Every structure is written in C-alpha cells, then in structure tokens.
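Notes follow the structure.
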Amino acid sequence: MKWYQLSLGPIQTNCYILSNDAKECIIFDPGAEAAKLIQYVQTKKLKPLAVLLTHAHFDHIGALDEIRDFFKIPAYLHEKEAKWLLDPALNGSQLFPGEPIRLKPADHLLAVETELAIGSFSFKLFETPGHSPGSISYYLAEEGLLFSGDVLFQQSIGRTDLPGGNEEQLMKSIHEKLLTLPEDTIVLSGHGAVTTIIDEMESNPFLNGF
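Just so we're aligned, residue 28 is where the sequence shown starts under the working numbering, counting upward by one.
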C-alpha cells in the first residue's frame, strides 16, 4: 500500500490518503481545501471508499461534506463526537476566524475498539481520548502504520486545553494504546512530520519520565 500526506488549511492539518494496488483509497481528516484534495486524488487516479475522522475539531473536518458529496462516500467518526460536526461550539470553529462549520452527521458512528474493514483495508481501532473525548487512532498492522490524529506528534503530544480535553486521559491513551505497538510503527500525525513509536519513546520530552 501507499500513503500520501497533504497539509491543508491555515493550521496545516495533515490529511492522509491511503491507497492499495487496485487504486482504491481511504481519506483521513479532510480538514480544508477540498478542491486541492479532489485534484490530488484525481491526478493519482484513485477511487475513494470512505473518509475516516480521527476526531471532529474544525481543522480536521472543514472539507468533509465537499469530499464525501463529490466522491459519494461515507464518513466514520466516534459516537462521542457525533454532535460535533453540526455544532461550531463543539468543533471549535466559532473560536477562530472564518465561517462556523456546520456539517451533515457522520454516516457511521464508531463505538468500540474493533476491526474496521472497508474494502481490502482493515484497521484496528484504538479509542485514544484526551485531546478530545472521541479521538480515535487507526492502526494498519500489516503495514505498520498508525494514523494518530492529534494524540501523538513528533516531539510533542496533543493539546488538552480545548473543550473535552484531559491531560491525564491523554497520557494514559498514549502509554497504554500507542507505545505498546511495535517500535518501528510509523506514526502519521495530524500536524507536523512523520515519526515512529521508538523515536517518541526515546526522545519525546512530554513522555520521558512519565
């Protein structure tokens, strides 16, 4: 499989596109710039199957409706943030410049840690709250890929000062769910550079000594 990273919007949120040999793909966190994302998918001649959301903060969902309407694909989100797509106060868009974001409900709500199969793609779901109540990390075991959203970054961790954030919960999520993965697991974060589990175990200043 192949993956592509696009940094979209004013906060440069990472949107990821994961594709298989049949040119089918999954889109993660289409935060903004729908036209740019659509053009990229079409240039690569990919066929999207679904949108997976790591959480529902505004900078991760801004282009969601345009993307799923254009490609006619469903969106997946944790049930704890089901109302966030519809509410600018919950998704945070009313706190920042620009139009408040009000979207259609998610097509599928996720509630338990399980295997999520979409076409030939199979993900292990980890509930990783702390940055937000419904944060999900998607783990593709056979490829050693983790889509961590805003839970774990290169040399950093997700912020917890937004509504629903909880630092103790975040640290528990990271240590019990993510750092137990194989050390060579590639971490595809919601912002910034790609990293690995071992790199963060050894050098992330927020994790050392916890």
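Ideal placement from N, C-alpha and C gives every residue a C-beta, glycine not left out.
Being a predicted model, the structure only gives us computed values, none of them experimental.
Exercise for the section: Check Val68 in the structure and name its three-state DSSP category. Expected result: Looking at Val68 - three-state DSSP - the assignment turns out to be helix.
Practice task
Express the C-alpha separation of Gly36 and Gln121 in angstroms, rounding to a whole number.
Solution key: 16 Å
Problem - Exposure label - Thr207; buried when at least 16 CB within 10 Å - result: exposed
Handout entry: Beta carbon of Ala90 nearer than 9 Å to that of Pro57
Key = yes
Exercise for the section: Find out if the Cβ-Cβ distance for the pair Thr155, Ser175 is shorter than 9 Å. Expected result: yes
Practice task
Spatial neighbours of Phe237 within its chain, please: CB distance less than 8 Å, with the 5 preceding and 5 following residues excluded, ordered by chain position.
Solution key: Any answer about Phe237 is weak, because its pLDDT of 49 lies below 50 and its placement is not dependable; what the coordinates show is given next. So the list reads Met198 and His202, once near-sequence residues are dropped.
Handout entry: Three-state secondary structure assigned by DSSP to His105
Key = strand
Exercise for the section: Could you have a look at Glu93 and say whether DSSP puts it in helix, strand or coil? Expected result: helix
Problem - Residues near Asp211 in its chain [Cβ-Cβ closer than 8 Å; skip 5 each side] - result: Gly171, Thr223, Ile224 and Ile225
Problem - C-beta contact flag for Ile38 and Ile44 at 9 Å - result: no
Handout entry: Cβ pair count under 8 Å reaching 3, the segment 60-80 against the segment 95-102
Key = yes
Problem - Helix, strand or coil at Gln32 [DSSP, three-state] - result: The three-state reading of DSSP puts Gln32 in strand, counting E and B together.
Exercise for the section: Rank Asp134, Glu229, Cys42 and Glu227 by C-alpha distance to the C-alpha of Leu112 and give the top, closest one. Expected result: In this structure, Asp134 is the residue among Asp134, Glu229, Cys42 and Glu227 with its C-alpha nearest to the C-alpha of Leu112.
Exercise for the section: Could you tell me which residues DSSP puts in a beta bridge with Pro75? Expected result: Cys52
Exercise for the section: For the alpha helix (DSSP H) holding Lys199, just list the boundary residues, first then last. Expected result: Glu194 to Ser200
Handout entry: Rounded C-alpha distance that separates Ser164 from Leu173
Key = 7 Å
Handout entry: Simplified DSSP assignment, three categories, for Lys63
Key = The three-state reading of DSSP puts Lys63 in helix, counting H, G and I together.
Exercise for the section: Using beta-carbon positions only, say whether His158 and Gly185 come within less than 9 Å of one another. Expected result: yes
Problem - When Phe150, Glu229 and His218 are compared against Ser34, the one with the closest alpha-carbon - result: Ranking the options by Cα distance to Ser34, first place goes to His218.
Exercise for the section: Can you have a look at Asn235 and say buried or exposed, based on whether 16 or more other CB atoms are within 10 angstroms of its CB? Expected result: Burial check for Asn235: the Cβ neighbour count within 10 Å stays below 16, so the residue is exposed.
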